[in-house]
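Student:
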Amino acid sequence: MWEPGNTPEQDRFRKLREMSDSGISAYPNRVQRTHTVSQAIQTFEAAESSSETTEIQVTVCGRIVRQNLKGKVYFAHIEDGTGRVQLFVRIDHVGDEAYEAVKRYFDLGDFVQASGHMTRTRTGEISVLVHQITLLSKGLSPLPVIKEHVNEDGSVERYGEFSDTEERYRQRYADLAVNPETRSIFRKRALTVRALRHFLDEQDFLEVETPILQPIYGGAAARPFTTYHNQLHQDLFLRISFELYLKRLLVGMYDGVYEIGRDFRNEGVSFKHNPEFTQLEFYQAYTDYHGMMDVTERLVAYAAQQVTGSTTITFQGRTVDFTPPWNRITMREAIRQRCEIDYVEHPTADSLYQAIRAAGIEVSPNATWGKLVDHLLGTIVEPTLIQPTFILDYPRDISPLAKTVPDDKTHVERFEIFIGGMEVGNAFTELNDPLDQEARFAEMGKLYKDEDEEATPLDEDYLRAMRYGMPPCGGCGIGVDRLVMLFTDKSTIREVLLFPHLRER
RNA sequence: GGGUGUGUAGCUCAAUGGCAGAGCAGUAGCCUUUUAAGCUAUUGGUUAGAGGUUCGAGUCCUCUCACACUCACCA
Numbered sequence: 002m003w004e005p006g007n008t009p010e011q012d013r014f015r016k017l018r019e020m021s022d023s024g025i026s027a028y029p030n031r032v033q034r035t036h037t038v039s040q041a042i043q044t045f046e047a048a049e050s051s052s053e054t055t056e057i058q059v060t061v062c063g064r065i066v067r068q069n070l071k072g073k074v075y076f077a078h079i080e081d082g083t084g085r086v087q088l089f090v091r092i093d094h095v096g097d098e099a100y101e102a103v104k105r106y107f108d109l110g111d112f113v114q115a116s117g118h119m120t121r122t123r124t125g126e127i128s129v130l131v132h133q134i135t136l137l138s139k140g141l142s143p144l145p146v147i148k149e150h151v152n153e154d155g156s157v158e159r160y161g162e163f164s165d166t167e168e169r170y171r172q173r174y175a176d177l178a179v180n181p182e183t184r185s186i187f188r189k190r191a192l193t194v195r196a197l198r199h200f201l202d203e204q205d206f207l208e209v210e211t212p213i214l215q216p217i218y219g220g221a222a223a224r225p226f227t228t229y230h231n232q233l234h235q236d237l238f239l240r241i242s243f244e245l246y247l248k249r250l251l252v253g254m255y256d257g258v259y260e261i262g263r264d265f266r267n268e269g270v271s272f273k274h275n276p277e278f279t280q281l282e283f284y285q286a287y288t289d290y291h292g293m294m295d296v297t298e299r300l301v302a303y304a305a306q307q308v309t310g311s312t313t314i315t316f317q318g319r320t321v322d323f324t325p326p327w328n329r330i331t332m333r334e335a336i337r338q339r340c341e342i343d344y345v346e347h348p349t350a351d352s353l354y355q356a357i358r359a360a361g362i363e364v365s366p367n368a369t370w371g372k373l374v375d376h377l378l379g380t381i382v383e384p385t386l387i388q389p390t391f392i393l394d395y396p397r398d399i400s401p402l403a404k405t406v407p408d409d410k411t412h413v414e415r416f417e418i419f420i421g422g423m424e425v426g427n428a429f430t431e432l433n434d435p436l437d438q439e440a441r442f443a444e445m446g447k448l449y450k451d452e453d454e455e456a457t458p459l460d461e462d463y464l465r466a467m468r469y470g471m472p473p474c475g476g477c478g479i480g481v482d483r484l485v486m487l488f489t490d491k492s493t494i495r496e497v498l499l500f501p502h503l504r505e506r
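Numbering (our numbering), first residue to last: 2 to 506.
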């Protein structure tokens, strides 16, 4: 059983006991709200402007976010999800007994219900002149106290804050309760997902849900989380991508499908990696990666417009313009521009490794050729790509699910999207040749074998699906969290996750 | 995993190796139009944890824990 720790908690606990002793419920079952806070204000303002003389009676509910006991008058601001309004409580309006209860028991952070009529105080602030007020829910632990001062010019100065990063993440409820800007981040996150969904629905993509628990994981190179089904005596993996299931659905004659959901990767965390993250993947039949570029740039520009009101945003001090068309450049050219290395001239891992070292770039000596190329991209190209950019045509041996470029066996038709110095998306002309796919899986298995734990196990069922015939298609995955980082101008993924993963304390 | 940094009251922060402090919140009062209200008085600490050096440690040393930044890793 919880016991009060610090003094504020002890005081609140004592108040709770006293209320209980005098028969007042601190957590009543029923509320009688007639107006949200914003409805109350709007109704009053409408009545004012039409110069109606009838009083606007309201019952509003909310959390006490500011209070000022002034002898026989008590002012409080309460806040609900729609806004903030002042309560004006006078002892001669609510009676001695109720007023005494307010004085004795109400604290910042408590939820209350107040009935009265709308009025303006002497300073002109819209308020509820209260005739009845009750407690709806007693707060036993004190929230951080943040005071606001509104300047003449309307700007708001804040005094006191709840800014400890760790505590804000660990107690996100408290962060949300006292920091409106945190609430705003997650509204934008919801708008982002809504915009993506709306755009794809309008383009006749079908939203689907595929298994999160998978007997064989695949579609990406990452280490999975494992789990176990007791009754079936079966090992299961949490998915690392949706790809292989969504493409099965194209075999099943849907022309376009998409899924927005969670991926799980058992890897390091960083400012742009969380063990579980939200991904959008969409697949379209009868197109290729050129078609995916067209859809993707319109999709993201649309989302930016819906979320921020513009296709031009500021991210970490730089302007980012989502307006299509985006820059398109091949990976080979992008790397050559920045470090003079043409990896095609270094067709073996050893040769490329020497070239990279000669250019003074740190790199791991046991990497495969494809990983060396990818490393070059990640270290010298990625951080410079602030404006939305498609990097095209990736080395074949790190892309087993993409079709090769015609007349170029070393590259596949694949692009990644870079914005704000981060990778936010990945797409291919999807490989639909079942025999080639089988060979590529086998090749990957051989290439990575023991030294690479990310090697994808062979998915026979996926190959069987493809053997029934898969239409030519393009597919694209977009990291929704990173998109939200861009739209909310946050430099870490944790700021855009409600409950980011933290080590257990 | 490596490096750098941070951790003091519920919140935000001070404290040269020498009495652990402030503002806000809280508590007891005064105040019937306040809004960072004000005034008077006042409570609140395992200084992240464990060990060490020292007459004396929030401060110096070692280890542990957590977080931040960064490097490595990372389709």
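Even for Gly, the Cβ is constructed at its ideal location relative to N, Cα and C.
The structure presented is a predicted model; accordingly, all values stated were derived computationally and were not measured.
With DSSP as the reference, please indicate the residues paired to F429 in a beta bridge.
Tutor: BP columns for F429 point to R415 and G476.
Student: According to the neighbour-count rule (16 or more other Cβ atoms, all chains shown, within 10 Å of its Cβ), is S128 buried or exposed?
Tutor: S128 comes out buried.
Student: Assign Q355 to one of two classes, buried (16 or more other C-beta atoms within 10 Å of its C-beta) or exposed (fewer than that).
Tutor: It counts as exposed.
Student: Here's the rule: buried if 16 or more other CB atoms are within 10 angstroms of the residue's CB, otherwise exposed. What is Q317?
Tutor: Classification for Q317: exposed.
Student: Please report the distance separating the alpha-carbon of K16 from that of K139.
Tutor: Taking the straight line joining both Cα atoms gives about 9 Å.
Student: With distances taken between CB atoms, is the gap from M471 to V209 smaller than 7 Å?
Tutor: No; because the gap between Cβ atoms is not below 7 Å, this pair is not in contact.
Student: So who's on the other strand from H502, going by DSSP bridges?
Tutor: For H502, which the question treats as bridged, DSSP gives no partner whatsoever.
Student: Helix, strand or coil, according to DSSP, for P9 in the structure here?
Tutor: Of the three classes helix, strand and coil, the one that applies to P9 here is helix, per DSSP.
Student: In this structure, how does DSSP classify Y284 when only helix, strand and coil are distinguished?
Tutor: In this structure, Y284 counts as strand in the three-state DSSP scheme.
Student: Would a C-beta distance cut-off of 7 Å place A102 and L88 closer than the cut-off?
Tutor: Not a contact, by the Cβ cut-off of 7 Å.
Student: Below 8 Å, can you find three or more Cβ-Cβ pairs linking the region 223-235 to the region 179-197?
Tutor: With the cut-off at 8 Å, the region 223-235 and the region 179-197 do not touch.
Student: To which residues of the same chain is I92 closer than 6 Å at the C-beta, ignoring the five residues directly before and after it?
Tutor: Closer than 6 Å at the Cβ level, and outside the excluded window around I92, lie K73 and Y100.
Student: Quick check on DSSP: helix, strand or coil for K491?
Tutor: DSSP places K491 in coil when its eight states are reduced to three.
Student: Do you know offhand how far T211's Cα is from L402's?
Tutor: Rounded to whole angstroms, T211 to L402 spans 19 Å at the Cα level.
Student: In this structure, does DSSP put I57 in helix, strand or coil?
Tutor: In this structure, I57 counts as coil in the three-state DSSP scheme.
Student: Identify every run of the beta strand (DSSP E) within the region 380-411, keeping only runs that are complete inside it and at least 3 residues long; order them along the chain.
Tutor: For the region 380-411, whole beta strand (DSSP E) runs of length 3 or above, ordered along the chain, are 390-396.
Student: I57 and I79 look like a contact to me (Cβ under 8 Å); what is the Cβ gap, rounded to whole Å?
Tutor: 17 Å between Cβ atoms; not a contact.
Student: Taking only the alpha-carbon atoms, compute the straight-line gap between G363 and S400 and give it to the nearest angstrom.
Tutor: Per the sequence presented here, residue 363 reads as Glu, with Gly not at that position. Straight-line Cα distance between these residues: approximately 24 Å.
Student: Which same chain residues, not among the five before or five after H36, have their C-beta less than 8 Å away from its C-beta?
Tutor: So the qualifying residues of the chain are T44, V59, T60 and V61.
Student: Helix, strand or coil for G262? Go by DSSP, reduced to three states.
Tutor: Three-state result, G262: strand.
Student: Tell me, please, which residues DSSP counts as bridged to N267.
Tutor: None, per the DSSP bridge assignment.
Student: Pick helix, strand or coil for K1, following the three-state DSSP scheme.
Tutor: No statement about residue 1 is possible, as the shown extent of the chain runs from 2 to 506 and does not include it.
Student: Taking G84 as part of the beta strand (DSSP E), name the residues at either end of that continuous run.
Tutor: From DSSP, the beta strand (DSSP E) with G84 extends over G84 to R91.
Student: Which residues mark the beginning and the end of the beta strand (DSSP E) in which D322 is found?
Tutor: That run of the beta strand (DSSP E) goes R319 to D322.
Student: Could you give the DSSP three-state label for D453: helix, strand or coil?
Tutor: Any answer about D453 is weak, because its pLDDT of 48 lies below 50 and its placement is not dependable; what the coordinates show is given next. Reduced to three states, the DSSP call for D453 is coil.
Student: Please report the residue range of the alpha helix (DSSP H) in which R1 lies.
Tutor: Lying before the first or after the last residue shown, residue 1 is absent from the chain, which here runs from 2 to 506.
Student: Between the alpha carbons of Y287 and E203, how many angstroms are there, rounded?
Tutor: Going by the C-alpha atoms only, they are around 18 Å apart.
Student: Starting from M293, trace the alpha helix (DSSP H) in both directions and tell me its first and last residue.
Tutor: Y290 to T309 is the span of the alpha helix (DSSP H), which, as asked, contains M293.
Student: Taking the continuous beta strand (DSSP E) assigned at Q235, which residues delimit it?
Tutor: That run of the beta strand (DSSP E) goes Q235 to L239.
Student: Bridge partners of Q215, per DSSP?
Tutor: Paired residues: F238.
Student: Take Q68 as the anchor and find which of H94, E53 and Y106 has the nearest alpha-carbon.
Tutor: The option with the nearest alpha carbon to Q68 is Y106.
Student: Applying the 10 Å Cβ sphere with the 16-neighbour rule, what's the burial state of H502?
Tutor: H502 should be labelled exposed.
Student: If we call anything under 7 Å between Cβ atoms a contact, is V296 one with F323?
Tutor: No, they are not a contact pair.
Student: Give the C-beta separation of Q280 and V481 to the nearest angstrom, bearing in mind that I take them to be a contact with Cβ-Cβ under 8 Å.
Tutor: Yes, they are in contact, since the Cβ atoms of Q280 and V481 sit about 6 Å apart, within 8 Å.
Student: I'd like to check one pair, F416 with Y290: are the Cβ atoms closer than 7 Å?
Tutor: Contact flag set, yes.
Student: Nearest to T227 by alpha carbon, out of H376, K71 and L214?
Tutor: Nearest option by C-alpha distance: L214.
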